[in-house]
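Numbering (UniProt numbering), first residue to last: 1 to 305.
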């Protein structure tokens with residue numbers, strides 16, 4: 001395991017931006033972090049790279065506490081906020097960043113810069129001032145920056161935003177090849193599941209700073225049961241009795257609708273008071289769309305218990 005985030009929370013004053021968020025990221029894996037604007041995506045990525053301090057929890061990299069081994073952050077290729085100098089060209093901007101990273105070999109600098117600029121499609125425009133770049137070109141330059149110096153982990157905040165269709169496909173191709181051929185661990189955020197599901201090994205859905213889902217993308221029909229409360233003891237009992245059920249926070253996810261009646265019977269036998277039972281039906285894609293757009297996809301069902 002390359003990166004492990006354990007129960008991190010982040011407060012801004014009294015506002016809780018991240019709540020007990022946990023995740024893992026492995027070599028060769030691509031994880032898509034999906035959520036609407038303001039859901040906590042950028043806050044999470046900033047916490048991982050120590051741009052902002054976490055309020056609680058731990059982050060491990062290569063089994064070591066990241067906050068106690070901050071030099072390891074140099075192994076991260078990061079695209080969160082690109083700050084390029086408008087009065088320099090693309091080549092000069094990236095060269096400055098390499099020098100700041102302690103790379104002084106002129107041949108190495110020259111070869112790396114030409115390679116990454118060619119990779120992101122900026123080779124022919126590398127001598128143009130950045131002030132003349134479109135937003136999409138600056139996005140490509142930001143990606144090039146994250147690829148310098150053979151980073152182990154790529155952490156990218158909405159790298160597809162502002163790109164045309166060809167640019168988006170190029171970036172996805174680069175990320176896929178970096179993970180599958182180069183062994184990089186990749187996490188990148190976006191608000192459009194349709195855009196990223198084809199290259200991601202896992203999808204993490206975040207909403208209001210809370211992880212709603214972490215798993216394989218599957219567009220088959222799913223049934224979602226939201227309970228008012230669900231303690232650890234009850235979670236373990238449910239998992240023992242119902243093999244098809246996956247639990248995320250206070251939400252039960254399963255594909256067999258016959259489980260619903262049996263589940264209700266089981267909860268009643270355990271003297272669990274069901275104060276709020278909301279069942280949603282649909283594919284994970286439609287449910288994600290509903291979560292991100294704050295639109296509930298409800299279905300009326302009959303329960304006989």
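Don't be surprised by glycine CBs; every beta carbon is placed ideally from N, CA and C.
Cross-strand partners of residue i (DSSP beta bridge)
i: residue 78; result: 155
i: residue 248; result: 251
i: residue 34; result: 190, 205
Nearest to residue i (by Cα), restricted to the options the options
i: residue 176; options: 162, 202, 191, 161; result: 202
i: residue 55; options: 18, 140, 35; result: 18
i: residue 88; options: 102, 172, 133; result: 133
i: residue 214; options: 158, 200, 154, 264; result: 200
i: residue 13; options: 39, 53, 238, 23; result: 53
i: residue 266; options: 253, 257, 120, 234; result: 234
i: residue 34; options: 103, 226, 49, 193; result: 193
i: residue 149; options: 101, 135, 241; result: 101
i: residue 66; options: 3, 198, 79; result: 3
i: residue 216; options: 210, 196, 226, 208; result: 196
i: residue 255; options: 240, 231, 210, 225; result: 225
i: residue 191; options: 160, 109, 68, 50; result: 160
i: residue 227; options: 11, 38, 269, 263; result: 263
i: residue 198; options: 173, 106, 210; result: 173
i: residue 187; options: 10, 243, 31, 140; result: 31
i: residue 11; options: 210, 144, 268, 107; result: 210
i: residue 57; options: 68, 42, 9; result: 9
i: residue 61; options: 165, 222, 5, 258; result: 5
i: residue 170; options: 117, 125, 271; result: 117
i: residue 223; options: 229, 180, 258; result: 258
i: residue 271; options: 243, 230, 240; result: 230
Reduced DSSP category for residue i - H, G, I as helix; E, B as strand; rest coil
i: residue 20; result: strand
i: residue 205; result: strand
i: residue 15; result: strand
i: residue 65; result: strand
i: residue 262; result: helix
i: residue 29; result: coil
i: residue 4; result: strand
i: residue 73; result: helix
i: residue 294; result: At residue 294, the pLDDT of 39 sits below 50, so the modelled position is not reliable and the matter cannot be decided from this model.
i: residue 10; result: strand
i: residue 211; result: strand
Residue interval of the beta strand (DSSP E) (run including residue i)
i: residue 58; result: 56-61
i: residue 96; result: That residue, residue 96, is in no beta strand (DSSP E); its alpha helix (DSSP H) goes 90-100.
i: residue 49; result: Here residue 49 belongs to no beta strand (DSSP E), and DSSP marks it neither H nor E.
i: residue 86; result: Careful: residue 86 lies outside any beta strand (DSSP E) and carries neither H nor E.
i: residue 217; result: It is not in any beta strand (DSSP E) - residue 217 carries neither H nor E in the DSSP assignment.
Contact belief for residue i with residue j at Cβ below 8 Å, rounded distance in angstroms
i: residue 7; j: residue 26; result: Actually they do not touch by this definition, with Cβ atoms about 19 Å apart.
i: residue 130; j: residue 85; result: 7 Å
i: residue 40; j: residue 247; result: In fact, because the Cβ distance is near 21 Å, the residues do not count as touching under 8 Å.
i: residue 127; j: residue 91; result: 6 Å
i: residue 245; j: residue 252; result: 5 Å
i: residue 307; j: residue 59; result: No statement about residue 307 is possible, as the shown extent of the chain runs from 1 to 305 and does not include it.
i: residue 189; j: residue 45; result: 6 Å
i: residue 123; j: residue 114; result: 7 Å
i: residue 162; j: residue 136; result: 5 Å
i: residue 82; j: residue 121; result: Rounded, the Cβ-Cβ distance is 16 Å, inconsistent with contact.
i: residue 309; j: residue 79; result: The chain is shown from 1 up to 305; residue 309 falls before or after that span and cannot be answered.
i: residue 204; j: residue 23; result: 6 Å
i: residue 249; j: residue 212; result: 7 Å
i: residue 146; j: residue 63; result: That belief does not hold up - the Cβ atoms of residue 146 and residue 63 are roughly 24 Å apart, past 8 Å.
i: residue 167; j: residue 140; result: 7 Å
Residue i, enclosing alpha helix (DSSP H) - first and last residue
i: residue 359; result: Nothing in the structure corresponds to residue 359, since the chain is present only between 1 and 305.
i: residue 330; result: Limits of the chain in this structure are 1 at one end and 305 at the other, which puts residue 330 out of reach.
i: residue 196; result: 193-196
i: residue 235; result: 232-241
i: residue 190; result: No alpha helix (DSSP H) contains residue 190, which is instead part of the beta strand (DSSP E) from 185-190.
i: residue 106; result: 106-119
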